[in-house]
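Input: a single structure, listed below in structure tokens.
In this note's numbering, the protein residues as written are 5 to 259.
So this is what it looks like as structure tokens:
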């Protein structure tokens, strides 16, 4: 094995630098071609916007606001919503599996807006699946909002009944509504509201009941494929070309 002489290596670099550049360019082009030769992937997107009625919800801190918006995101990608997507897609002859959902369905938060994205090799399929998803999520959020308002009403009734029960025991004379004769019915109503409410925190119920969502953007038909990891593939090809070029300079024979 020949000894590596730094001065000789420097001479080679000065003499053949252009060859290293050409090999790097060739590697970058090869990386681009690898991406382009793959099946085209199309992306469609829809959005759901969240709003909070602060006039009724009151002043909340940033962490509470983030938590509420995160609840919306959880509902968007919930199992029930995704199962509905599978069923509606199957009715259109489109097969959607858990693996496809994991790989091709994504959601991203942009402030108060959630962006729903679906990718597929067919642009129309991408649009259809995105539209199915945003509609299923919107319906689920409407149902959730109605349940939140119901929960608030139940908790308010529970609090009122508790106060009434306390007054009937402590205050003399007790009011007619909270008389001893009505204690049995009060206990029954209190048990019903306690078992029906999904949350025991009145403040959370107030906040969630004043949360509203709206489908602000329907799915669009993509006209051109997205170039996935094009920059990364080009960079990797260029780096490989650089290593090959330097290898030729370092270990190539002198001429």
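Yeah, the Cβ is synthetic: ideal placement off N, Cα and C, and Gly gets one too.
Exposure label - residue i; buried when at least 16 CB within 10 Å
i: residue 101; result: exposed
i: residue 21; result: exposed
i: residue 37; result: exposed
i: residue 73; result: buried
i: residue 25; result: exposed
i: residue 54; result: buried
i: residue 115; result: exposed
i: residue 124; result: buried
Euclidean distance between Cα positions of residue i and residue j
i: residue 122; j: residue 27; result: 37 Å
i: residue 200; j: residue 46; result: Any reading at residue 200 must be qualified, since the residue scores a pLDDT of 49, below 50, and its modelled position is unreliable; no value is offered.
i: residue 249; j: residue 16; result: 11 Å
i: residue 78; j: residue 238; result: 36 Å
i: residue 113; j: residue 23; result: 46 Å
i: residue 222; j: residue 118; result: 12 Å
i: residue 224; j: residue 236; result: 27 Å
i: residue 240; j: residue 34; result: 10 Å
Short Cβ contact (9 Å threshold) for residue i with residue j
i: residue 81; j: residue 111; result: yes
i: residue 217; j: residue 135; result: no
i: residue 98; j: residue 145; result: no
For residue i, three-class secondary structure by DSSP
i: residue 99; result: coil
i: residue 237; result: helix
i: residue 243; result: helix
i: residue 200; result: Here residue 200 scores only 49 on pLDDT, less than 50, and its place in the model should not be relied on; the value that follows carries that caveat. In this structure, residue 200 counts as helix in the three-state DSSP scheme.
i: residue 140; result: helix
Three CB pairs or more closer than 8 Å across the stretch 17-34 and the stretch 244-254: yes
Segment contact, 8 Å Cβ cut-off, at least three pairs: the stretch 82-100 with the stretch 224-231: no
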